[in-house]
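> The structure that follows is given in the form of structure tokens.
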Amino acid sequence: MLTYTIRRLVLAIPTLLFISIVIFLLLQLAPGDPMAQVPLTVPPEVKQRMREALGLGQPIHVQYWKWLVQFFWVEPQVVIDHWFGTAFAEGKLRVLSWQTRSPVMDIVVQRMPQTLWVVGMSYIVGILIALPIGIYSAYRQYSIFDQAGTFISMIGFSIPPFFSGVVVIVIFSVNLGWFPSIYDTTHVVTDWDSFVVQLNQMIMPVMVLALQTTAQISRFMRASMLDNLNQDYVRTARAKGLKESVVVMVHVLRNSMIPIITVIALGVPSIFGGAIITETLFKVNGIGQLLLTALFANDLPMVMTLTFIFAVLIVLFNLIADVLYGLLDPRIRYD
Amino acid sequence: MTDQTVNAEAQAEAYGALQDKEPPKEPRAQWKDVWDQFRKHKGALIGGGFLLFITLAVLIGPLVWQVDAKALDIRNKDMRPLYTLLWDSTARTSWAKPLGSDNLGRDILATLIAGGRASMAVGWTAMILALSIGTAIGVCAGYFRKLDGPLMRLTDLFLSLPILPLLLVAVTLFRQPLRANFGPETGMFILIVGVIGITSWMQTARIVRGEILALKEREFILAARSIGTTPFKIIRRHLLPNVISPIMVSATLGLATAIITESALSFLGVGFPSDFPTWGKLLSDAVPRMEEFPERVMLPGILISLTVLSVNYLGDGLRDALDPRIRGR
Chain A
1 MLTYTIRRLV LAIPTLLFIS IVIFLLLQLA PGDPMAQVPL TVPPEVKQRM REALGLGQPI
61 HVQYWKWLVQ FFWVEPQVVI DHWFGTAFAE GKLRVLSWQT RSPVMDIVVQ RMPQTLWVVG
121 MSYIVGILIA LPIGIYSAYR QYSIFDQAGT FISMIGFSIP PFFSGVVVIV IFSVNLGWFP
181 SIYDTTHVVT DWDSFVVQLN QMIMPVMVLA LQTTAQISRF MRASMLDNLN QDYVRTARAK
241 GLKESVVVMV HVLRNSMIPI ITVIALGVPS IFGGAIITET LFKVNGIGQL LLTALFANDL
301 PMVMTLTFIF AVLIVLFNLI ADVLYGLLDP RIRYD
Chain B
1001 MTDQTVNAEA QAEAYGALQD KEPPKEPRAQ WKDVWDQFRK HKGALIGGGF LLFITLAVLI
1061 GPLVWQVDAK ALDIRNKDMR PLYTLLWDST ARTSWAKPLG SDNLGRDILA TLIAGGRASM
1121 AVGWTAMILA LSIGTAIGVC AGYFRKLDGP LMRLTDLFLS LPILPLLLVA VTLFRQPLRA
1181 NFGPETGMFI LIVGVIGITS WMQTARIVRG EILALKEREF ILAARSIGTT PFKIIRRHLL
1241 PNVISPIMVS ATLGLATAII TESALSFLGV GFPSDFPTWG KLLSDAVPRM EEFPERVMLP
1301 GILISLTVLS VNYLGDGLRD ALDPRIRGR
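Chains A and B supply the protein sequences, listed in that same order.
Residue numbers for the first sequence follow the numbering used here, so the first one is 1 and each next one is one higher.
Residue numbers for the second sequence follow the numbering used here, so the first one is 1001 and each next one is one higher.
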């Protein structure tokens, strides 16, 4: 198991390097000019010097190398400095955003809590709703509950978030006036009342996102439970007189959770990636919204860093899912 | 004499036992079996019917409802749909505009039909593109052992790319040159279909590769190879017809994702130009005034959702119908 993990980790390095090259070249091919917003009255030679100040004058491989050094060498030093109070990164150039001229990672750290709160919470809520639905609709296959569950998860698959989000805004915030339609990120929770306000503004985005998670995971849960309910060990457990609740909730559920846990692990990167559409709709200034504004402003270092972080997370959680699968299921042996 | 007759009778009886009592059944064609199983799935049947209806509506609709979707009629702007009369008799409605008109007086029924045309065209083309890439890569990886490793690494690589951010990057960054070369509408069409197709072929490739790997070892392929059939002909005559069912199932999934992705791109404002309606664009344009005119958000949204829902149900039914292990139950 350990050798497998190490082998996968080593293999992940060339994959990630290749992905970073692909993203970098894609961004380099782009025709956008970060100087497009600069007024026409600025003389061309000044513009040229501004471009060079952004590091645009050098050949592509030099630019790529500089980004690599900044991301993999300087940024970890900054983190170490922050934790231990050392001064490794003193005076070294970090990955700078072209929009704000401040380090990209500082902005990401500022935006991360909002995304984690809203999107992460929706993921947890979605899983908590999905598991009981999946278990019960597998246990009573083809019952009315199962049919309704299938229909609801089909709806969850089919209604895109930009429509379900708009519909809940129209119903709950415009017509009923229960929840605010704009997420106030400056709100600080200090006491019970402010906690209720926070809860109110979180309900709609969380539910919109949770609908999709629920749809997906309850399907997987149902299929996995159905696979296990017909196994011989279930008949044995019933025959030796175990209670039905023990048979289903302990014997079957534990075995059915193995594939579900890997599915859940595979979905985690999308939490950090943020839900671009939902964040835009509810005006949550999280990571997804940051990526969108950076794209429209031609802020290439920001876009590059954010997309690469997403890729790292996807590769990492794929690895975690595979390793977890091997750890949880003794029938799977990678070595 | 009598002995002989008895013998002949016994013989006839013995042969009779070997023969079928009932008249033999007609041999059944494979696709008739598939259709019979498909018919049992009510949701799939309704879904398929609805998809057919929407496709015909956007194809034939402009011939029946001959109103130009882009024609401005500023005097008759902000009309409500006819059904608002049911609860609000003072609403501004007109029989000439059954679903009302938008803030520039464009007829909503006509824009919905035109928008559906664009959305369905993007969905179908992107799906076909993704399927062709996926099938080609899956077949090559499954059939030619030398290509298996590199092609599957490529697939893994594409699977670990963050898709929606990259879609946004590609669309925002390549919008200008393509629009300059092919005109604003064709350029955007090529771009959107291209990026959706290039980023959604991986599942098809994996499924097709798996099927081909199993089929390749079967006797009929060995037989075909031993009479000197070229690899290309084996793939075309023997392998592709056998993997048609997983391809069809992933086609439905691909169509659903392509329609949703196109709408999402339009919603984020990186889709088609502003005067070119698609369902996602109509929806996002209507969001700022959704309090006064909720129908402008609801109608395109419902159309997107119903289309995708029907495609999903169709895929569900196809999966059951095309699986010979489930068929006949």
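We put the beta carbon where it would ideally sit given N, CA and C, even for glycine.
Source: prediction; values computed, not measured.
1) Give the straight-line distance between the Cα atoms of B:R1206 and A:N228, rounded to the nearest whole angstrom.
2) Run through DSSP, which three-state label would A:L96 get?
3) Is B:D1068 helix, strand or coil when you go by DSSP?
4) Scan the segment 1161–1174 of chain B for residues whose Cβ lies nearer than 8 angstroms to a Cβ of chain A and list them as they occur along the chain.
5) Confirm, please, whether the CB-CB distance from A:F308 to A:V23 is below 8 angstroms.
6) Does any residue of chain A have a CB that is nearer than 8 angstroms to the CB of B:M1120?
7) What does DSSP give as the partner residues of B:K1097 in its beta bridges?
8) Ignoring anything shorter than 4 residues, give me the alpha helix (DSSP H) runs that lie fully in the segment 114–198 of chain A, in order along the chain.
9) Please determine, among B:L1167, B:L1164, B:C1140, B:V1270, the residue with the shortest C-alpha to C-alpha distance to B:T1155.
10) In chain B, what lies closer than 9 angstroms to A:T307 by C-beta?
11) Are there 16 or more other CB atoms within 10 angstroms of the CB of A:P269, so buried, or fewer, so exposed?
12) Could you please give the first and the last residue of the uninterrupted alpha helix (DSSP H) stretch that includes A:K66?
13) Across which residues does DSSP place A:P103 in a beta bridge pair?
14) Applying a beta-carbon distance threshold of less than 8 angstroms, which residues of chain B neighbour A:M50?
15) Alpha helix (DSSP H) containing B:Q1030: first to last residue?
16) What residue range does the alpha helix (DSSP H) around B:S1245 cover?
17) A:D81 by DSSP, collapsed to three states: which one?
18) Looking only at its own chain, which residues have a Cβ that is under 8 angstroms from the Cβ of A:G177, when we skip the five neighbours before and after it?
19) Which same chain residues, not among the five before or five after B:V1122, have their C-beta less than 8 angstroms away from its C-beta?
20) Can you give me the Cβ contacts of A:R7 inside the same chain, cut-off strictly under 7 angstroms, excluding the 5 residues immediately before and after it?
21) Taking Cβ positions, are B:R1106 and B:A1057 nearer each other than 8 angstroms?
22) Just curious, the alpha helix (DSSP H) that B:A1118 is in, first and last residue?
23) Are the segment 1295–1302 of chain B and the segment 1032–1045 of chain B touching by the rule of at least three beta carbon pairs closer than 8 angstroms?
24) So, with DSSP's three-state summary, where would you put B:G1183?
25) Helix, strand or coil, according to DSSP, for A:N285 in the structure here?
26) Report the residues of the segment 293–306 of chain A with a CB closer than 8 angstroms to any CB of chain C, ordered along the chain.
27) Tell me which residues share the same chain as A:I133 and place their Cβ nearer than 6 angstroms to its Cβ, disregarding the 5 neighbours each side in the sequence.
28) Please compile the residues from chain B whose C-beta is within a distance smaller than 8 angstroms of the C-beta of A:I320.
29) Roughly how far, in whole angstroms, is the beta-carbon of A:A237 from the beta-carbon of A:H251, given that I think they are within contact range, below 8 angstroms?
30) Cβ closer than 9 angstroms: which chain A residues qualify as neighbours of B:L1309?
31) Hey, is the segment 110–118 of chain A in contact with the segment 276–293 of chain A, meaning 3+ C-beta pairs nearer than 8 angstroms?
32) Please specify which runs of the alpha helix (DSSP H), each continuous and at least 4 residues long, are wholly inside the segment 1152–1220 of chain B, giving them in chain order.
33) What first and last residue would you give for the alpha helix (DSSP H) that runs through A:A12?
34) Measuring straight from C-alpha to C-alpha, what distance separates A:I258 and B:E1295?
35) Give the residues from the segment 1287–1313 of chain B that approach chain A closer than 9 angstroms (Cβ to any Cβ), ordered along the chain.
36) Quick check on A:L226 - is its C-beta less than 8 angstroms from some C-beta in chain B?
Short version:
1) Your numbering for residue 1206 of chain B matches position 206 in the second sequence. Your numbering for residue 228 of chain A matches position 228 in the first sequence. If I take the Cα positions, the gap works out to 26 angstroms.
2) Within the first sequence, the letter at position 96 stands for residue 96 of chain A. Note: A:L96 maps to strand in three-state DSSP.
3) Locating residue 1068 of chain B in the second sequence gives position 68, counting from the first residue. Looking at B:D1068 - three-state DSSP - the assignment turns out to be coil, as it is neither helix nor strand.
4) L1161, P1162, L1164, P1165, L1166, L1168, V1169, A1170, T1172, L1173, F1174
5) One-based indexing of the first sequence puts residue 23 of chain A at position 23. One-based indexing of the first sequence puts residue 308 of chain A at position 308. In the sequence as presented, Val is not what sits at residue 23 of chain A; that position holds Ile. A contact, by the Cβ cut-off of 8 angstroms.
6) For the purposes of this step, residue 1120 of chain B is taken as residue 120 along the second sequence, with counting starting at 1. Judged by the 8 angstroms Cβ criterion, B:M1120 is not in contact with chain A.
7) As a position in the second sequence, residue 1097 of chain B is number 97, starting the count at 1. Per DSSP, B:S1094.
8) 121–139, 144–158, 161–168
9) Position 155 of the second sequence, counted from the first residue, corresponds to residue 1155 of chain B. The shortest C-alpha separation from B:T1155 is found at B:C1140.
10) Position 307 of the first sequence holds residue 307 of chain A. Ordered by position in chain B, the residues that pass the 9 angstroms Cβ test against A:T307 are L1161, P1162, P1165, L1166, V1169.
11) Taking the first residue of the first sequence as 1, we reach residue 269 of chain A at position 269. Buried, because 16 or more other Cβ atoms sit within 10 Å of the Cβ of A:P269.
12) As a working note, residue 66 of chain A is residue 66 in the first sequence. Its alpha helix (DSSP H) spans residues 60–69.
13) Along the first sequence, read from residue 1 onward, the residue named residue 103 of chain A stands at position 103. In the DSSP output, where bridge partners are listed per residue, A:P103 has A:L96.
14) On the first sequence, residue 50 of chain A is found 50 positions in, with the first residue counted as 1. Those do not exist, as A:M50 stays about 21 angstroms from chain B at its closest Cβ, beyond 8 angstroms.
15) Translated into positions along the second sequence, residue 1030 of chain B becomes position 30. Segment 1030–1040, the alpha helix (DSSP H) holding B:Q1030.
16) Position 245 of the second sequence holds residue 1245 of chain B. Looking at the DSSP string, the run of the alpha helix (DSSP H) that includes B:S1245 is 1244–1267.
17) Taking the first sequence and counting its residues from 1, one reaches residue 81 of chain A at position 81. It is helical.
18) Here residue 177 of chain A refers to the residue found at position 177 when the first sequence is read from its first residue. So the list is empty, once near-sequence residues are dropped.
19) Here residue 1122 of chain B is taken as the residue at index 122 of the second sequence, counted from 1. The residues are F1189, I1192, V1193, I1196, A1258, I1259, E1262, T1278.
20) Residue numbering aside, residue 7 of chain A sits at position 7 when the first sequence is read from its first letter. Here the set comprises nothing.
21) Start at 1 with the first residue of the second sequence, and residue 1106 of chain B comes out as number 106. Start at 1 with the first residue of the second sequence, and residue 1057 of chain B comes out as number 57. No, these two residues do not count as a Cβ contact at 8 angstroms.
22) Here residue 1118 of chain B refers to the residue found at position 118 of the second sequence. Counting along the chain, the alpha helix (DSSP H) containing B:A1118 begins and ends at 1108–1143.
23) no
24) Position 183 of the second sequence, counted from the start, is the residue given in the question as residue 1183 of chain B. Note: B:G1183 maps to coil in three-state DSSP.
25) Within the first sequence, the letter at position 285 stands for residue 285 of chain A. In this structure, A:N285 counts as coil in the three-state DSSP scheme.
26) Among the protein chains of the structure shown, namely A and B, there is no chain C.
27) As a first step, residue 133 of chain A is located in the first sequence; it is residue number 133 there, counting from the start. Once the five neighbours on either side are set aside, the close Cβ partners of A:I133 are G149, S218.
28) As a working mapping, residue 320 of chain A is identified with position 320 in the first sequence. Those within 8 angstroms of A:I320 in chain B number zero; the least Cβ separation is about 13 angstroms.
29) Walking along the first sequence from the start, residue 237 of chain A turns up at place 237. Walking along the first sequence from the start, residue 251 of chain A turns up at place 251. Contact flag correct, Cβ pair sits at about 5 angstroms.
30) By one-based count along the second sequence, residue 1309 of chain B stands at place 309. Those within 9 angstroms of B:L1309 in chain A are M154, I155, F157, S158, I159.
31) yes
32) 1163–1182, 1184–1198, 1202–1216
33) Indexing the first sequence from 1 puts residue 12 of chain A at position 12. From DSSP, the alpha helix (DSSP H) with A:A12 extends over 2–29.
34) Along the first sequence, read from residue 1 onward, the residue named residue 258 of chain A stands at position 258. Along the second sequence, read from residue 1 onward, the residue named residue 1295 of chain B stands at position 295. Approximately 45 angstroms between the Cα atoms of the pair.
35) V1287, M1290, E1291, P1294, V1297, M1298, P1300, G1301, I1302, I1304, S1305, L1306, T1307, V1308, L1309, S1310, V1311, N1312, Y1313
36) If you number the first sequence from 1, residue 226 of chain A lands on position 226. So, not an interface residue.
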